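What follows is a short report on a single structure.
Number of protein chains: 4
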Amino acid sequence: MVDIINYISQHHQHANIILSEHNIDELQHPSAGGHSLDDRVRLFTGEVKDIRFKADVLMTIGGDGTILRAVSQFSNFNVPPILSFSMGTLGFLLPFDVGSYRARVDELFANRLRVLQRSRLECHVIGTHPSEARVNMVHAMNEITLHRGSNPNLISLDVYVDGECLTSTTADGIIVSTPTGSTAYSLSSGGSIVHPSIRGLLLTPICPRSLSFRPLILPSTSDIMIRLSQKSRNVSVKLTIDGIELSDMRHGDEIHIRKQLDIDNHIWCMAQGDNDWTKDINDLLGFNKQFNESKR
Amino acid sequence: MVDIINYISQHHQHANIILSEHNIDELQHPSAGGHSLDDRVRLFTGEVKDIRFKADVLMTIGGDGTILRAVSQFSNFNVPPILSFSMGTLGFLLPFDVGSYRARVDELFANRLRVLQRSRLECHVIGTHPSEARVNMVHAMNEITLHRGSNPNLISLDVYVDGECLTSTTADGIIVSTPTGSTAYSLSSGGSIVHPSIRGLLLTPICPRSLSFRPLILPSTSDIMIRLSQKSRNVSVKLTIDGIELSDMRHGDEIHIRKQLDIDNHIWCMAQGDNDWTKDINDLLGFNKQFNESKR
Amino acid sequence: MVDIINYISQHHQHANIILSEHNIDELQHPSAGGHSLDDRVRLFTGEVKDIRFKADVLMTIGGDGTILRAVSQFSNFNVPPILSFSMGTLGFLLPFDVGSYRARVDELFANRLRVLQRSRLECHVIGTHPSEARVNMVHAMNEITLHRGSNPNLISLDVYVDGECLTSTTADGIIVSTPTGSTAYSLSSGGSIVHPSIRGLLLTPICPRSLSFRPLILPSTSDIMIRLSQKSRNVSVKLTIDGIELSDMRHGDEIHIRKQLDIDNHIWCMAQGDNDWTKDINDLLGFNKQFNESKR
Amino acid sequence: MVDIINYISQHHQHANIILSEHNIDELQHPSAGGHSLDDRVRLFTGEVKDIRFKADVLMTIGGDGTILRAVSQFSNFNVPPILSFSMGTLGFLLPFDVGSYRARVDELFANRLRVLQRSRLECHVIGTHPSEARVNMVHAMNEITLHRGSNPNLISLDVYVDGECLTSTTADGIIVSTPTGSTAYSLSSGGSIVHPSIRGLLLTPICPRSLSFRPLILPSTSDIMIRLSQKSRNVSVKLTIDGIELSDMRHGDEIHIRKQLDIDNHIWCMAQGDNDWTKDINDLLGFNKQFNESKR
Chain A
1 MVDIINYISQ HHQHANIILS EHNIDELQHP SAGGHSLDDR VRLFTGEVKD IRFKADVLMT
61 IGGDGTILRA VSQFSNFNVP PILSFSMGTL GFLLPFDVGS YRARVDELFA NRLRVLQRSR
121 LECHVIGTHP SEARVNMVHA MNEITLHRGS NPNLISLDVY VDGECLTSTT ADGIIVSTPT
181 GSTAYSLSSG GSIVHPSIRG LLLTPICPRS LSFRPLILPS TSDIMIRLSQ KSRNVSVKLT
241 IDGIELSDMR HGDEIHIRKQ LDIDNHIWCM AQGDNDWTKD INDLLGFNKQ FNESKR
Chain P
1 MVDIINYISQ HHQHANIILS EHNIDELQHP SAGGHSLDDR VRLFTGEVKD IRFKADVLMT
61 IGGDGTILRA VSQFSNFNVP PILSFSMGTL GFLLPFDVGS YRARVDELFA NRLRVLQRSR
121 LECHVIGTHP SEARVNMVHA MNEITLHRGS NPNLISLDVY VDGECLTSTT ADGIIVSTPT
181 GSTAYSLSSG GSIVHPSIRG LLLTPICPRS LSFRPLILPS TSDIMIRLSQ KSRNVSVKLT
241 IDGIELSDMR HGDEIHIRKQ LDIDNHIWCM AQGDNDWTKD INDLLGFNKQ FNESKR
Chain F
1 MVDIINYISQ HHQHANIILS EHNIDELQHP SAGGHSLDDR VRLFTGEVKD IRFKADVLMT
61 IGGDGTILRA VSQFSNFNVP PILSFSMGTL GFLLPFDVGS YRARVDELFA NRLRVLQRSR
121 LECHVIGTHP SEARVNMVHA MNEITLHRGS NPNLISLDVY VDGECLTSTT ADGIIVSTPT
181 GSTAYSLSSG GSIVHPSIRG LLLTPICPRS LSFRPLILPS TSDIMIRLSQ KSRNVSVKLT
241 IDGIELSDMR HGDEIHIRKQ LDIDNHIWCM AQGDNDWTKD INDLLGFNKQ FNESKR
Chain C
1 MVDIINYISQ HHQHANIILS EHNIDELQHP SAGGHSLDDR VRLFTGEVKD IRFKADVLMT
61 IGGDGTILRA VSQFSNFNVP PILSFSMGTL GFLLPFDVGS YRARVDELFA NRLRVLQRSR
121 LECHVIGTHP SEARVNMVHA MNEITLHRGS NPNLISLDVY VDGECLTSTT ADGIIVSTPT
181 GSTAYSLSSG GSIVHPSIRG LLLTPICPRS LSFRPLILPS TSDIMIRLSQ KSRNVSVKLT
241 IDGIELSDMR HGDEIHIRKQ LDIDNHIWCM AQGDNDWTKD INDLLGFNKQ FNESKR
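Protein chains in written order, with the numbering used here: chain A, 1 to 296; chain P, 1 to 296; chain F, 1 to 296; chain C, 1 to 296.
In C-alpha cells, the structure reads:
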C-alpha cells in the first residue's frame, strides 16, 4: 500500500489520496515495517460518512471480500469507479495483480482502463412493529440472503413480484442475487452463471421442500417483496447482505428490492479486457471441465 | 376462423384480411362446414414471400407451435405484432381464448391491448465447403439446438463468445435459447427460467460429459460461434431451429449468433396483463409446487 | 388414543399396553375429555430406559415427526416393529389412517400385516479433547446433518470412506442420509430418491463451493468418517440427527458412520402393500408432474 | 497381446489360451510386426457361441468400450471373471496398465487378485406384433437407453414397477442404468454417482418435460416395464444397450427388466484395491473439484 501511495503522489501529484481510518491505523502499525511513506505524501482521512462523497476512484488491495466491504461503505451512495488489486488470491473482481500497480495507476490517470458495468440491488427492510418502524435502505453487490440459520425448522416465505404473488416457499432460505453474485452463493445453491452485464437478478432457492423450484432470472426492473409467511413456524429469519449479517427479519417485516431507485445502482469496475469473465469462469470455477480419459 | 374473419370485416371494415394459402385451403375444405364466410368479406392471399411485408398484425389460432411456425415465416423479416388465440390448449404465448375474440379484436383496433416485448435470435449458418458455400440467415423465437440425433457417438463442440473460446464440450448437444425458449427445451435440459423481457440468451448443454457445465446466461449482445470440434468423432450434427430441422452441420461449418443484427429482433406479443408470466409459470409448469402434507 | 387402548384391551386381552410417561400425562389432561379409558384397562409405564426393552411392537399416532421421535428413543437399542397411524397428515411412514385402527390392530395380532424393512445409520461422535473424551453412539432413521448454522463462514469438511480420503468440501454442510431420508432434507439439497429397501446411504452436499459435487450413493457397509478440516475458518459445526440438535462438533472431533454395527440397524415398518412407496412419491412429492397443456 | 500370450504359455503352461476370431486376425496382420508368438504357444479359437462357455477368465486389452463389447458377447451367458488391461486410457473398469501384465498374470494364477462384484441388467424385449413376436433377452453392463433419436417429437413412455404404474414421462428418453453405468450416460443426464457394489438400478430421465422428475434408485429386485405410451406421437423409439443400437421399439412393444433372473447377473472384475472407486471418481471425473482461490 505504501508503495502505491508513494507512486501516486510522485507521478500524479494533482491527486488527493484519501485513506479510511482503518488504513491509517495499518500504516502506523510497526508491521508496516520496511516500507515508509515518502515525506512529500499528503494523506486525507476521516469517518466514512465524511469521506465517501469526496472519492472519484475507489482503490482496493486484497480479495473479493475486500471489495465487497469497501463497496458496502457506499451503501446508499453512488459508488465511484473501482480499481482493485489482488495480493495473490484469485477472484472475479480481481483483474489486476498488485505487482502491476505502476502500469495500472498510469492507465487510470490517462483514462485508458476499460470498465465493466456491474449493478447493485437496492434493498429496503420495512419493519411493521410500531415501536420500531424502521425503513432501512441497503445495497447489495453480490446477494441478499434470507436463511433459517441455526433454527431447526424450515422457513416459509412469500415472494411477490410487481405486486403479485409469485410463490410461497418452504426452504432453508432464498437468495436474491445480482449477476455479479451468480458465481457466489447462488451458484452453490444451483443457480445459473449469469454474465455481469445482464440487466437482471437471480431468485435462487436454498434447499426448498419442492422438486420444482427451478431458479429464476427476473428483470432488474422488477419490484420484489419477500416476507415470512404467516404459516412459518419460525418467528424470525436471518438476513445477510453480501456476507454481512443484519438484524433478523420477523413476522410482518418485509424486504423490498425496488425498481424505482433512489440511488444509481451501477458500479464501474476496471477490467483487463472484454472477456475477463469468460476466462474467469474457466480459471476460477473450472467451468465445464472435461473428464480425464487419458493418462497424464 | 370464419367467425373472426366475418367479425373483423363487419366491425372494422377498413382492415384488409390476408390469409396464408394454407388457410385458404382450409376455408374451402368441406369440414369448414356450418360456418360460412359473409358475402361482403374480401380476402387477400399469396405466397408467404409476397404477403409477409404487407402484414401489420399477425393473428394466429392454435397452440404455441402455431405461433412458432407463423413467426418462422418471418425469418429474415420484421415480425408484425402478434395476436394469438388459443383453442383450448395452454401456452406461454397464448394469453387469449378464442371465445373472447370479439373483445380482443376491438381492443386491437382501439390500440388498447398491452404488449410484451420478446426477442429472437439471429443465426447464420456458414458452410466452408467450397462447392456449397452457404450463408443462411434464420431467426429463432425459442431456441437453436445442435444435437447428435440418432448418431451413437457424443459430439464435441467448440463454443466461442466474442471471438474467444468459451469452452469445448462433449455432449448430446447444446441449446442456445431466448428467454422465451427458457420454458421449452432448455428447461428440460436443466436451464433456469428466464423472464421474456431479459436481454440475454441461455447457453444450456444437453447431457454433457462433465459435472461442471452449469447453464450460462449471456448478454444478447454477445457474438456466439459454435462449430464441430476437430476431435469430434461425428462428422455431422443435427441443427434444429424452433423444432424445425435444418440441414446437418458438418466439420468446418459454423453457426453464428450475431450481435450486429441485420433485422430487428424484437417481437411484440399482445398480452393480457403485466404478470401473465408469473401466472403462467405457476399454472403451466407447476412451478415450486409444495409437497402434499395433509389429506385431500 | 383412548379408543385404540380400549379396543386392544377388549379384543386382545393378552396384550400388555405400555405408554410413555408423556402419553400418560396426555391421558390425564382434561382435554382428553369425552373419551375415557375402560375400567378394565391396565396400563404400564416408566422411564424410556426402563420400558424400551419390553416393547414387542411400537405404535405411534401422529405424523412422520412422531415416528422419528419415537424411534430416536430406541437409539442404541433394537427398534421393535412399528405400526403408525396418521391423524390426517400424509407421510412416507404413514400408511394407515387412524380411523382404520380396528382392522389394523386385528391384522397385527393375526400377523397379517405386511412389513417394509428400512434401515438406520449408526453414528459415533468421537471427541478428541482430553477433558471430555466422549464417544456417543446415536442412530439416525432419516439423516445425519452437519451444517454451519448461523455461522457466517462456510465450513470445510474432510470426508473419509473406508479409511481413505474421499473428498474435502467447502459448503454450508453435508448430509449422510438413509434411503428413508432420501425424500427428506437430502431431496431438498438435490439428492436422488432412493427406495427404502436399498442397502446404501446417500452423501449429499448442502450448497457446496463446487460445480462437481454430484450426490453419491455408497454401500451401507461403508465406514464413513467426517471431521472439520484444519483449514476450516469455523471452529464448530452444528450436528443434527433426524432434526434433533446435538452438541456442536469442534476441530478434532470426528463423526463415524460405521459398518461393524453394535446394534441391528433394521427397522420393520408395517405397510399397506408392496408399492406404497411408488404411490407415495407420486401423491406426496408430486413426482414427475407433467406440465399443463390443456384447459382445466 | 503377443507378449502376454507368450508370457502365459511360458509361465502358466497348464492354461489354455482362447482368442476370439477377431484377435486371431489381428495377430496375423502384418502390423503385429516386431512381436511374434513363441513357437510353443498353442491357441484355441472359434465362433463366440462356441468358445464362450469354455472361458474361465476373460482378459481384455483396451478401453472401457473394449470391456463392454467383450461382456456383450456373454449376453445370456454367465460372464467369467474379467482381468482388463489399459493401453493408456483411463477408465472405471481399467485398474491395471498393460505394462504390469507379468505381475498381474502371476497374481491371477495364484488367486491373489482382488475382485469387485458388479452386476448386469437382464432385459427382455417383447414385441406384440403378431408377425414378429420376438422375445429377446439381452444383458446390459452399463445401461439400457430409450431415446427419440433424430425424431423431432418428444416421446411419451409409461414406466411400471412391480406391475404398478410408476409414472408416465414425456422426454427425450429414459435410462435404466446399473451402478457401474452411473458414471456414464446417467451421469450426463443428472443421475447420482452410485457405488458399483450397491444392489440397485438407476432410473434417470433424459431431458424430461417436467420440473419434478428427480432421478430414482430402485432395488435390483424390481420388475421394471417400459413401453411407448399410447399418447406418444412417435411410433418408434431407439433402444440402445451399452452403446449398441438394437432394433427400434414400436407401439405395443415392451421392455422388461426382470428380477427373476434366468442368468446370474453378477460380473467379477479384478481390482487393484478396495478403494479404486474412490480414487477413480476423483481422478477421472474431477469429483467435487474446489474452486481456484489462489494464484497457481
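Note that the Cβ used here is the ideal one computed from N, Cα and C, for glycine as well. Given the structure is predicted, the values throughout are model-derived calculations rather than measurements.
The C-beta of Lys238(P) has 16 or more other C-beta atoms within 10 Å across all chains shown, which makes the residue buried.
Within chain F, the residues whose beta carbon sits less than 8 Å from that of Arg199(C) are Ile198 and Arg199, listed in sequence order.
A residue is called buried when at least 16 other Cβ atoms come within 10 angstroms of its Cβ; Gly252(F) does not meet this threshold and is exposed. Taking C-beta separations shorter than 7 Å and ignoring five residues to either side along the sequence, the partners of Val235(F) in its chain run Arg250 and His251, following chain order.
Within chain A, no residue has its beta carbon less than 9 Å from that of Ser186(C); the closest one is some 14 Å off. Val194(P) places its beta carbon less than 7 Å from that of Pro179(P).
Put simply, the backbone Cα of Thr145(A) is about 5 Å away from that of Thr240(A). Contact between Asp280(C) and Phe85(C) fails: their C-beta atoms lie close to 16 Å from each other, not under 8 Å.
In the DSSP assignment, Glu107(A) is bridged to no other residue.
Fully contained in the stretch 174 to 205 of chain A are the following alpha helix (DSSP H) runs of length 4 or more, in chain order: 185 to 188.
Counting only unbroken stretches of 3 or more residues, the beta strand (DSSP E) elements lying wholly within the stretch 77 to 157 of chain A are 82 to 86, 114 to 119, 121 to 126, 135 to 140 and 143 to 147, in sequence order. At a cut-off of 7 Å between beta-carbon atoms, Glu293(F) makes contact with chain P. Sequence-distant partners of His12(C) (beyond 5 residues in either direction) whose C-beta falls short of 6 Å from its own C-beta, in its chain, are Phe109. Chain C places a beta carbon closer than 7 Å to that of Val161(F), counting this residue as a contact. In the structure shown, the three-state DSSP call for Arg258(P) is coil. Contact check for Asn6(C) against Asp38(C) passes: the beta carbons are separated by less than 7 Å. Across the set Leu121(F), Ser192(F) and Leu116(F), the C-alpha of Leu116(F) shows the shortest separation from the C-alpha of Asn275(F).
Near chain F, meaning a CB-to-CB distance below 9 Å, the residues of the stretch 76 to 90 of chain P are Ser86, Gly88, Thr89 and Leu90. Taking Thr128(P) as the centre and dropping the five residues before and after it, the same chain places the C-beta of Gly252 closer than 6 Å to its C-beta, in chain order.
Residues of the stretch 136 to 155 of chain F that bring their beta carbon within less than 7 Å of a beta carbon in chain A comprise Gly149, Ser150 and Pro152, in sequence order. In this structure, Glu293(C) keeps its C-beta atom at 7 Å or more from the C-beta atom of Thr167(A). The Cβ atoms of Arg209(C) and Ser188(P) lie closer than 7 Å to each other. Chain A places no beta carbon closer than 7 Å to that of Ser72(F), leaving this residue out of the contacts.
Contact annotation: Cys207(P) and Ala171(P) have beta-carbon atoms nearer than 7 Å. If you draw a straight line from the Cα of Gly191(F) to the Cα of Arg69(P), it comes to about 39 Å.
Ser177(A) sits away from Leu154(A), with the two beta carbons spaced by 7 Å or more.
Within chain P, the residues placing a beta-carbon under 7 Å from that of Ile206(C) are Cys207, ordered along the chain. Straight-line spacing of the CA atoms in Leu228(A) and Met270(F) works out to 38 Å.
Listed in chain order, the non-local C-beta contacts of Gly243(F) below 8 Å within the same chain comprise Gly65, Leu68 and Asn142, local neighbours out to five positions each way being set aside. Residue pairing by DSSP puts Cys269(P) in a beta bridge opposite Ile82(P) and Leu116(P). Taking each of Leu216(P), Pro80(P) and Ile263(P) in turn and checking the Cα distance to Asn288(A), the smallest one comes out for Leu216(P). In the structure shown, Phe44(A) falls within a strand segment according to DSSP collapsed to helix, strand and coil. Unbroken beta strand (DSSP E) runs of no fewer than 3 residues, entirely contained in the stretch 222 to 246 of chain A, are found at 224 to 228 and 236 to 241, following chain order. Checking the DSSP bridge columns, you'll see Ile217(A) partnered with Leu202(A) and Val194(P). Using beta-carbon distances, Ile193(P) counts as an interface residue toward chain A, with a partner under 7 Å. Those residues of the stretch 210 to 244 of chain P placed with their C-beta closer than 9 Å to a C-beta in chain F are Ser210, Leu211, Ser212, Phe213 and Arg214, ordered along the chain.
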